[in-house]
Each structure stands twice: as structure tokens, then as C-alpha cells.
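Engineer: Got a structure here, written out as C-alpha cells. Questions coming.
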Amino acid sequence: MDIESKIDELQELVSQYDTESFAGSLAFFIKKNIDPAADIEINRFGSKLKDFLYLISLNAFSDKKGMEKFEFPFDNLHLIADKLDEIKKIIYPQDLNNYTKESVIHEMAVRNHFDNGVLSYVEQDLEKLRRVFSPFDEKIISDFGFDIDFLIEVCKEIELISIIRGKQTMEFMFTKEFRDFNDRIQQGIICFSDSYEMLPEHIKKAFDSFNAKSYASLMFSSSDLYHRLDAQKVDKLLKLVSIEPVSDNSIRYYTAESIFETTPFLKLSDDNYLSLYGKQLPISIYKILYAHLFNNKSTNVKLRKHREDTLEDKVNDMFKSFFASKDSNFFENYYVIDNQEQDLLILYRGNAIIVEVKASKLREPFRDVDKAIGRLKSDFKNAIQYGFDQCKRVEDFFYSEEVFNLKNDRKKVLQVINPLNINNVFSVVVTLERFGCLQTDLGLLLEKEDDVDYPWSVYIDDLEIFLKTLQIKSKNHINNFLNFLDYRRQMHDRMYSIDELDVCACYLQNPSNFKKLAENEDIYLTFSPYEQGDFDKLYWAGNLKFNEKSLPEDFYKFELR
677 MDIESKIDEL QELVSQYDTE SFAGSLAFFI KKNIDPAADI EINRFGSKLK
727 DFLYLISLNA FSDKKGMEKF EFPFDNLHLI ADKLDEIKKI IYPQDLNNYT
777 KESVIHEMAV RNHFDNGVLS YVEQDLEKLR RVFSPFDEKI ISDFGFDIDF
827 LIEVCKEIEL ISIIRGKQTM EFMFTKEFRD FNDRIQQGII CFSDSYEMLP
877 EHIKKAFDSF NAKSYASLMF SSSDLYHRLD AQKVDKLLKL VSIEPVSDNS
927 IRYYTAESIF ETTPFLKLSD DNYLSLYGKQ LPISIYKILY AHLFNNKSTN
977 VKLRKHREDT LEDKVNDMFK SFFASKDSNF FENYYVIDNQ EQDLLILYRG
1027 NAIIVEVKAS KLREPFRDVD KAIGRLKSDF KNAIQYGFDQ CKRVEDFFYS
1077 EEVFNLKNDR KKVLQVINPL NINNVFSVVV TLERFGCLQT DLGLLLEKED
1127 DVDYPWSVYI DDLEIFLKTL QIKSKNHINN FLNFLDYRRQ MHDRMYSIDE
1177 LDVCACYLQN PSNFKKLAEN EDIYLTFSPY EQGDFDKLYW AGNLKFNEKS
1227 LPEDFYKFEL R
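This is how it looks when you write it as C-alpha cells:
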């Protein structure tokens, strides 16, 4: 059976349910962290974010509008998972006999682009909005009718509404009576129905209400936002970032860019909106604004230049905070060769850390392998390869025995460097885009001589999370970071990880074991995507803090959190 028929079957299955309950229930599980080891139907789905948004789109934009409620225990969930698996097997055939390096790289790139969400925290996304677009406020106000401050406040307000409603709808779960109810079932004392009958009536009512509409905390109306925000601006924004569930036969393919990338709110009847993936809102706003300004001749060049400059500033600030020590020396926009500017050099107790920052875009991969490889190599070359080549230019001076000068743009000597005083040299390439497996294993595409060390290439948000976590968890965070750089560069060409934070988490859990893995060249390394939950634990405990806050200022002022 061809893929179109398989999609028709799956769409027919999910379209029997009404859109609100189906989309709402799946959106609830997108937001809720389910134990991946739990033996439950919901864990049949490999990428809950990608899979559930796809299923929601099949339901919402189907010709058929079902009326059946999608409620616990979700009887057809296993059938839906089976049908989706059949589609995935056609898209990603396991033809081991015909695998080539190019086809593997292509599949990795496709999965990185379409299947995986990026771990960043909403504070990082909000800060990025402010950092990149504040200089364009006048143009944004003229074209859209609101400014960056308003957009950030809307994101915070919607999150606050969700938190308040979540606490209201789940308050019963924290009562003694409900804990006793759970204990009786877990210990096998009595069955579910008998234990349920022992609950007080008001808790039964709250429990039933939650089961009927677990996603209530993800629902809001425009009037909810009118209390603290300008109504006209609210309406303009909601029109921009929401979509109505109307028939659209073009929205049906698993590997297509999700319609919810830029419209994360589903507009239902009576001015009700369902937040499918609340964290997506600032990312959607970023994509909309960037595309708008990029396609405008008057702002295109300025936007790209400003984005690069703010990225460099952000990276410089992060490293200066991390290497805050009297033994640290920083050189920004320096030269070792005339007319060849370098981004950042850090000298610390005989260690040289060469940092290059790249804001080049990673484009959507083609379906055709040959075309895709050409595009991937081009994007990789413009970002990571170019950054490495710039680092290598400075490395060569450190590995020579000749004294050399660091200069500024006016050719003034900033410092004279004797390479004999430098014991270790590390190169770091920071990117604005996340390159997935092509970045975690540089052995796939990076061109270098065999006797040259690999750099560490990292997505900027991952770098920020890792550096902050090292400062929280390590007594000597600088030395631990330098050790990580040393071990990490030994792992390329024999590893698999879709996300650098999985590797970072492995190091933080057991640095000595990480060292053994790095030094044992006979081991092929794989890193679990569940390891980065360690960062979430720090975040939700309030230990991982960022410049921007995720909720309105009043929420913190009155210590409501």
C-alpha cells in the first residue's frame, strides 16, 4: 500500500474525534513530562512533539469533523500508533544493504530538522527576541502594530494563565484523600472503582472534571489577555499566531514543516484558543519577524549584521562570566594576521581557548539525497567548517615555537605571546543554528588533517545551559570545563548523539567515566536523549537562571512562584 493510502487510513482514524478533545489531550501530553521508561501506550510514540503535532494536524484539517470525545483511557491510541509507524517505515525504510555514508548523513539531517524539538528554555527564547529585534522596533510597530516589549509580555501572560489554571484544575491531586486513593490502588488493597467511591464528593467532581478536560490549563480566550494588555494589539497578535481547524488537504505529510511552527494556537469556537505547544510562541514570533525583516530590502542587511553582532556579544558575555578570574585575559576582535579578524581568545593559566562564532543558517534539507548532501555540505562549510578554519589559523601560531603578537584593528599590539608558555590549546565554534548529529560528531563532515585536533562545536543555547550548570555543580568549574574540552575532542568519528546536551549531561554525571570513554578508542559511543532531563531538574528547582524571566514581573514581586 502506498503512503497516500496509509495517510488516508490514519486520518480517517483520528478524524472520528472532535478537534478540541483530541488536540487538547495530545497537547497536554506534549507539555507533561511522562516517564519514558513507563510501560504505557503514550510511550509508543518516539517523538511526542513531532508525532502529536502531526496527528493534531491530520484531525484539525480533515474534511471529516468527528464528534466523539477523545478521553482517557484513549482506547484507540495503540491503533493510531500502529498506523503512524507504518507511515514512518515508508518514509524511513530500514534498507541496511543500501546504506552509504551520504544516505546516513541525509537521514540524520532530515530527522534533526523535522523530528526533534530543541531543548531551550523560554527565558532564552524571550531574550533572543529582545536581543535581535529591539533595534527594529520602529519598523515592527509600523508593519504589525506592536513592539517587542508587548510581544514578550504576551508570552509571559499566556504562560501565567496556564500555570494558574493548571494549579486550579489539579489542586485535588495534592489532597490527603487523593493520595490515599492512589496508595490503595498502587498497593493492590482494592480496585480502582472501589477506591474511587471512597473519595469525598468534591474530590470526585474535581477528578472527573480533570479526566474530561485535562487540557483546561492550555485553553484561553482573548478576553483573558485584555485585563493587562492592549486589546487591539492582542487581537492583531492572535490573528498572526493562530489557525482555525478548517479543511486543508495539503496539510497531511509527516516530513513537511509543521503548520504549527508559526501558528502554535488552534482557534476554536467562541473565541477560545488552545495552546498546542506553549513554548513555541516566542520561537514562532521570532520566525515571523525574522522572515518579514529579512525579505525587506531596507532591513535585510542590517538585520543579518545585527544578528551576527548580538550573537558575538552574547557569547563574549557568557565566557567572561564563566572565566571571571584574575588569571583570565580576554581578547575580542583581535588579529594574528593582518586583515583576518578573529572573534575571541581566552588565556587562562597556560590554556588558550580560541572561540569563533557563526550565525550562518541551516536550511531545510532536500528529500533527494544528492541535492540534500550538497546543501548540507554548503551550510556546514559556511558555519562550522569556516569557524574551525578560523580557529586553526590561530592554533598554528600557538603550535609554532615563534613569538607572535595579538593586535587590534588599528594594528596596535595588545599582547606578545610566547607559545612555550601555553600548555593546552582548545578551539570552540559556537553556532546560532543547531546542526544536530553533524555537530555532535564532526567526523561526518569536518575537513582537517589527521594530526589536528577536533574543535568543540556547540549551539549557543546548549553552551549557555552547560556553562551555567557547570558553575552550579562544580567547585572548580573552569578546570572541569577544560577537562571536558580535552575529553570531548577525542570522541568524534565514533559516536552518535542527536543533541550536544546529552553528551554534556553524561560528563556532568560522571567525569571520570567520561574520560575513560574518551580514551578508549575501540568503543562506539551513543548518548541517550533522556540524559538532559538533569538540566530540567535544575531549571524547575529554580537553580538554572537566565537574564530574561518567563513570567510577568508582578509574579516574582509578590513571591507567587
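Using my numbering, read the sequence shown as starting at 677 and increasing by one per residue. The beta-carbon is built from N, C-alpha and C at its ideal position, and this holds for glycine as well. None of these values were measured; they are calculated from a predicted model.
Given a threshold of 16 other Cβ atoms within 10 Å of its Cβ, counted over all protein chains shown, does Phe623 qualify as buried or as exposed?
Structural biologist: The chain is shown from 677 up to 1237; residue 623 falls before or after that span and cannot be answered.
Engineer: Could you check whether Phe1074 and Ser1103 sit closer than 8 Å to each other, using their CB atoms as the reference points?
Structural biologist: Within the sequence shown, the letter at position 427 stands for residue 1103. Within the sequence shown, the letter at position 398 stands for residue 1074. The answer is no: Cβ separation not under 8 Å.
Engineer: Do you know how far the Cα of Tyr962 is from the Cα of Lys815?
Structural biologist: One-based indexing of the sequence shown puts residue 815 at position 139. One-based indexing of the sequence shown puts residue 962 at position 286. C-alpha separation (whole angstroms): 15 Å.
Engineer: Rounding to the nearest angstrom, what Cα-Cα distance links Gln687 and Glu680 in this structure?
Structural biologist: On the sequence shown, position 11 is the one that residue 687 refers to. On the sequence shown, position 4 is the one that residue 680 refers to. Taking the straight line joining both Cα atoms gives about 10 Å.
Engineer: Is Lys943 helix, strand or coil by DSSP?
Structural biologist: Looking up residue 943 in the sequence shown gives position 267. Lys943 falls in the strand class under three-state DSSP.
Engineer: Within 8 Å of any Cβ in chain C, is that where the Cβ of Leu1214 sits?
Structural biologist: Of the chains in the structure shown, none is chain C; there is only one protein chain.
Engineer: Look at Ile959 and Asp1129 and say whether their C-beta atoms are less than 8 Å apart.
Structural biologist: Stepping through the sequence shown from its first residue, residue 959 is reached at position 283. Stepping through the sequence shown from its first residue, residue 1129 is reached at position 453. No.
Engineer: Please confirm whether Asp900 and Ile824 have their CB atoms less than 8 Å apart.
Structural biologist: For this step, residue 900 is matched to residue 224 along the sequence shown. For this step, residue 824 is matched to residue 148 along the sequence shown. Not in contact: Asp900 and Ile824 (Cβ atoms no closer than 8 Å).
Engineer: Quick check: the Cα distance between Leu1118 and Cys1182, rounded to an integer number of angstroms?
Structural biologist: Your numbering for residue 1118 matches position 442 in the sequence shown. Your numbering for residue 1182 matches position 506 in the sequence shown. Rounded to whole angstroms, Leu1118 to Cys1182 spans 18 Å at the Cα level.
Engineer: In whole angstroms, give me the CA-to-CA distance for Ser691 and Tyr730.
Structural biologist: Here residue 691 refers to the residue found at position 15 when the sequence shown is read from its first residue. Here residue 730 refers to the residue found at position 54 when the sequence shown is read from its first residue. The straight-line gap from Cα to Cα measures roughly 13 Å.
Engineer: Between the region 842–852 and the region 882–890, do three or more beta carbon pairs fall short of 8 Å?
Structural biologist: Yes, the region 842–852 is in contact with the region 882–890.
Engineer: Roughly how many whole angstroms lie between the Cα atoms of Pro811 and Asp924?
Structural biologist: As a working note, residue 811 is residue 135 in the sequence shown. As a working note, residue 924 is residue 248 in the sequence shown. Roughly 38 Å between the two C-alpha positions.
Engineer: Counting Cβ pairs closer than 8 Å, one from the region 1023–1039 and one from the region 1092–1101, do we hit at least three?
Structural biologist: As far as the Cβ criterion goes, the region 1023–1039 touches the region 1092–1101, which means the pair count is three or higher.
Engineer: Answer yes or no: do Phe998 and Leu1020 have a C-beta to C-beta separation smaller than 8 Å?
Structural biologist: Here residue 998 refers to the residue found at position 322 when the sequence shown is read from its first residue. Here residue 1020 refers to the residue found at position 344 when the sequence shown is read from its first residue. No.
Engineer: Thinking C-alpha only, which one of Leu1139, Gln1016, Lys996 is nearest Ile1022?
Structural biologist: Taking the first residue of the sequence shown as position 1, residue 1022 is located at position 346. Here the closest residue by C-alpha is Lys996.
Engineer: First and last residue of the beta strand (DSSP E) that includes Val1106?
Structural biologist: For the purposes of this step, residue 1106 is taken as the residue at position 430 of the sequence shown. Residues 1100–1107.
Engineer: For Glu937 and Asp1137, I'd like the C-alpha separation in whole angstroms.
Structural biologist: What you label residue 937 is simply residue 261 of the sequence shown in a count that begins at 1. What you label residue 1137 is simply residue 461 of the sequence shown in a count that begins at 1. Their backbone Cα atoms lie some 19 Å apart in a straight line.
Engineer: Leu1139 and Val1179: beta carbons closer than 8 Å?
Structural biologist: As a working note, residue 1139 is residue 463 in the sequence shown. As a working note, residue 1179 is residue 503 in the sequence shown. No, these two residues do not count as a Cβ contact at 8 Å.
Engineer: Hey, quick one: how far does the beta strand (DSSP E) through Asn1005 stretch, first residue to last?
Structural biologist: As a working mapping, residue 1005 is identified with position 329 in the sequence shown. From DSSP, the beta strand (DSSP E) with Asn1005 extends over 1004–1013.
Engineer: Our contact map puts Thr939 next to Ser926 with C-beta atoms below 8 Å; I'd like the distance itself, whole angstroms only.
Structural biologist: Reading the sequence shown from its first residue, position 263 is the one you call residue 939. Reading the sequence shown from its first residue, position 250 is the one you call residue 926. The pair is not a contact, with the Cβ atoms about 14 Å apart (cut-off 8 Å).
Engineer: Beta-carbon separation of Leu875 and Ala703 under 8 Å?
Structural biologist: Stepping through the sequence shown from its first residue, residue 875 is reached at position 199. Stepping through the sequence shown from its first residue, residue 703 is reached at position 27. Contact flag unset, no.
Engineer: Counting only runs of 4+ residues fully inside the region 1097–1183, write out the alpha helix (DSSP H) ranges in chain order.
Structural biologist: Fully enclosed alpha helix (DSSP H) runs of 4 or longer: 1113–1116, 1136–1149, 1153–1164.
Engineer: Could you work out which residue in Phe1111, Tyr966, Lys915 is closest to Glu667 when comparing CA atoms only?
Structural biologist: One cannot answer for residue 667 here, as it falls past the ends of the chain, which runs 677 to 1237.
Engineer: Which residues share a DSSP beta bridge with Ala1059?
Structural biologist: Stepping through the sequence shown from its first residue, residue 1059 is reached at position 383. According to DSSP, which records beta bridges pairwise, Ala1059 is partnered with nothing at all.
Engineer: Does the beta-carbon of Thr1202 have 16 or more other beta-carbons within 10 angstroms, so that it is buried, or is it exposed?
Structural biologist: Counting from 1 along the sequence shown, the entry for residue 1202 is found at position 526. Burial call: exposed.
Engineer: Under DSSP, the alpha helix (DSSP H) around Asn1027 begins and ends at which residues?
Structural biologist: Against the sequence shown, residue 1027 aligns to sequence position 351. Careful: Asn1027 lies outside any alpha helix (DSSP H), inside the beta strand (DSSP E) at 1027–1034.
Engineer: As a quick exercise: from Glu696, Phe868, Asn858, Leu760, pick the residue whose alpha carbon is nearest that of Ala892.
Structural biologist: On the sequence shown, position 216 is the one that residue 892 refers to. Among Glu696, Phe868, Asn858, Leu760, the Cα nearest to that of Ala892 is on Glu696.
Engineer: Can you tell which of Leu1220, Lys759, Ile1049, Phe1157 has its C-alpha closest to the C-alpha of Thr776?
Structural biologist: In the sequence shown, the residue the question calls residue 776 occupies position 100. With distances taken between Cα atoms, Thr776 lies closest to Ile1049.
Engineer: Less than 8 Å between the C-beta atoms of Pro1187 and Asn1159, yes or no?
Structural biologist: Numbered from 1 along the sequence shown, position 511 holds the residue referred to as residue 1187. Numbered from 1 along the sequence shown, position 483 holds the residue referred to as residue 1159. Yes, the Cβ-Cβ distance between Pro1187 and Asn1159 is below 8 Å.
Engineer: Could you spell out where the beta strand (DSSP E) holding Leu979 opens and where it closes?
Structural biologist: What you label residue 979 is simply residue 303 of the sequence shown in a count that begins at 1. Unbroken run through Leu979 is the alpha helix (DSSP H), 976–998; no beta strand (DSSP E).
Engineer: From Ile1199 to Ser1173, what distance separates their C-alpha atoms?
Structural biologist: The residue given as residue 1199 occupies position 523 in the sequence shown. The residue given as residue 1173 occupies position 497 in the sequence shown. Near 14 Å, if we compare the C-alpha coordinates of Ser1173 and Ile1199.
Engineer: Are the Cβ atoms of Val1089 and Asn1081 separated by less than 8 Å?
Structural biologist: Taking the sequence shown and counting its residues from 1, the one referred to as residue 1089 is at position 413. Taking the sequence shown and counting its residues from 1, the one referred to as residue 1081 is at position 405. For Val1089 and Asn1081, yes; Cβs fall inside 8 Å.
Engineer: My output table needs one value for Glu1195: the three-state DSSP class, helix, strand or coil.
Structural biologist: Working through the sequence shown from its first residue, we reach residue 1195 at position 519. Looking at Glu1195 - three-state DSSP - the assignment turns out to be helix.
Engineer: If you run the structure through DSSP and keep just helix, strand and coil, what is Gln863?
Structural biologist: On the sequence shown, residue 863 is found 187 positions in, with the first residue counted as 1. Here Gln863 sits in coil by DSSP.
Engineer: Taking the alpha helix (DSSP H) that Phe1211 belongs to, which residues open and close that run?
Structural biologist: The residue you call residue 1211 lines up with position 535 of the sequence shown. Element bounds for Phe1211: 1209–1216.
Engineer: With Gln1018 as the anchor, note down where its alpha helix (DSSP H) starts and where it stops.
Structural biologist: Taking the first residue of the sequence shown as position 1, residue 1018 is located at position 342. No alpha helix (DSSP H) holds Gln1018; the beta strand (DSSP E) holding it covers 1016–1024.
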